[in-house]
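> At position 35 of the sequence shown the residue is numbered 35 (full-length UniProt numbering), and the sequence of numbers has no breaks.
Glycine included, each C-beta is placed from N, C-alpha and C at the ideal position.
Pasting a structure below so you can have a look.
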Amino acid sequence: MTTKPFGLFCPTSKACEVLNPRWTIQILGELSTGSTRFNDIKRGLPGISPTLLAKRLKEMQQNGLVERIDDPASGVIDYIRTEKAVELDPILEGLARWAQRNVSVDVALEDRDADVLMWTLRNRIVVDALPPGRTVVRFNFSDATSPASTYWLVVRPGVPVELCAADPGFDVDLFIETGVSVMTGIYLGRMSYGREIDSGRFFMSGDKRLEKTIGRWLRLSMYAGVEGLARAV
Numbered sequence: 001m002t003t004k005p006f007g008l009f010c011p012t013s014k015a016c017e018v019l020n021p022r023w024t025i026q027i028l029g030e031l032s033t034g035s036t037r038f039n040d041i042k043r044g045l046p047g048i049s050p051t052l053l054a055k056r057l058k059e060m061q062q063n064g065l066v067e068r069i070d071d072p073a074s075g076v077i078d079y080i081r082t083e084k085a086v087e088l089d090p091i092l093e094g095l096a097r098w099a100q101r102n103v104s105v106d107v108a109l110e111d112r113d114a115d116v117l118m119w120t121l122r123n124r125i126v127v128d129a130l131p132p133g134r135t136v137v138r139f140n141f142s143d144a145t146s147p148a149s150t151y152w153l154v155v156r157p158g159v160p161v162e163l164c165a166a167d168p169g170f171d172v173d174l175f176i177e178t179g180v181s182v183m184t185g186i187y188l189g190r191m192s193y194g195r196e197i198d199s200g201r202f203f204m205s206g207d208k209r210l211e212k213t214i215g216r217w218l219r220l221s222m223y224a225g226v227e228g229l230a231r232a233v
């Protein structure tokens, strides 16, 4: 533990000492989505430097939150949550529900990182809900602050969904034109497809089946349906 202790024996304070270092909870969240490799964790958390990420992962190993698994044959290293970390799931989920109810829409949507959004959406694709074969969806964001404003999701059965920031060279099945804040708002349940389409802030063109079923093949956040959710007006 590298942070200075609070000097209190309260169990809540002791828990905070373990979870307090910046990025610890976010790393646990990224691990819970299935990211286990250093570069994948880093891509899901672009705001953390590689040096700090390595430091935090080492601290989390020391605190029993993460297990590092080395494969000498391939040189691959995976980071897996321990049972101690998994036990935090209901606590972290409770924090997320609290935020959905009590954090204002403006604050919830103030971060407009298209890279983070698209990496999140990549993990929410339901492959079985898409037509057989390859499906390509192109997103173009009018308000992106990251280097890229256009992204492609390439979906094929049996392989991980591919996220591209350069044209992969395939025919596009569905074009989506919107803003990062709008897509984030829809994903979090703060906004709705119908309302944003009607307002002209979300536009789709291409395969009509994909348009009509987007709610089935692109899952929203597990917290989008939180009771008492603070929605955009």
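So which of GLY29, GLY228 and ASP171 has the shortest CA-CA distance to ILE91?
Ranking GLY29, GLY228 and ASP171 by CA distance to the CA of ILE91 puts GLY29 first.
> Could you name the residues of the same chain whose beta carbon sits closer than 6 Å to that of ASP207, not counting the 5 residues immediately before and after it, in chain order?
ASP173 and LEU174
> How many angstroms separate the CA atom of SER104 from the CA atom of SER74?
Rounded to whole angstroms, SER104 to SER74 spans 47 Å at the Cα level.
> Give the DSSP-derived three-state secondary structure of residue 234 in the structure shown.
This structure does not reach residue 234, given that the chain is present from 1 up to 233, and the question cannot be answered.
> One question on the structure: do TRP217 and VAL154 come within less than 8 Å of each other, judged by their Cβ atoms?
TRP217 is not a Cβ neighbour of VAL154, given a cutoff of 8 Å.
> Taking 7 Å as the cut-off, is the beta-carbon of VAL86 closer than that to any non-hydrogen atom of the ligand COA?
The model depicted lacks the ligand COA and carries no ligand whatsoever.
> Which term fits MET1, buried or exposed, when burial requires 16 or more other beta carbons within 10 angstroms of its beta carbon?
Here the model assigns MET1 a pLDDT of 48, short of 50, so the residue's position is not dependable and the matter cannot be decided.
> Would you say LEU19 and ILE27 are within 8 Å of each other, going by their C-beta atoms?
no
> Pick helix, strand or coil for CYS164, following the three-state DSSP scheme.
strand
> Give a yes or no on whether the C-beta atoms belonging to ARG112 and VAL180 are separated by under 8 Å.
yes
> Hey, out of ILE80, ILE176 and PRO160, whose CA is closest to GLY64's CA?
ILE80
> Give me whichever residues DSSP pairs with GLY206 in a beta bridge.
LEU174
> I need the straight-line Cα distance from TYR187 to GLY200, nearest angstrom please.
17 Å
> CA-CA distance, THR145 and ALA114?
7 Å
> Under a three-way DSSP split, which group does GLU59 fall into?
helix
> Per DSSP, which one or two residues make a beta bridge with LEU218?
ILE125
> What residues are listed by DSSP as bridge partners for ILE80?
GLU67
> Measure the CB-CB distance between LEU88 and THR184 and report whether it falls below 8 Å.
Between LEU88 and THR184, the CB-CB gap reaches or exceeds 8 Å.
> Rounded to a whole number of angstroms, what is the C-alpha to C-alpha distance between PHE202 and THR178?
5 Å
> Quick check: what's the CA-CA separation for PRO21 versus ALA15?
11 Å
> So what does DSSP say about LEU153, is it helix, strand or coil?
Judged by DSSP in its simplified three-state form, LEU153 adopts strand.
> Since ARG56 and ARG124 should fall inside the 8 Å C-beta cutoff, what is the C-beta to C-beta distance between them, to a whole number of angstroms?
Not confirmed; about 25 Å, so no contact.
> Below 6 Å CB to CB, which residues in the same chain sit around GLU162 once its five sequence neighbours on both sides are set aside?
VAL154
> In terms of alpha-carbon separation, which member of PHE170, GLY169 and LEU210 lies closest to ILE176?
LEU210
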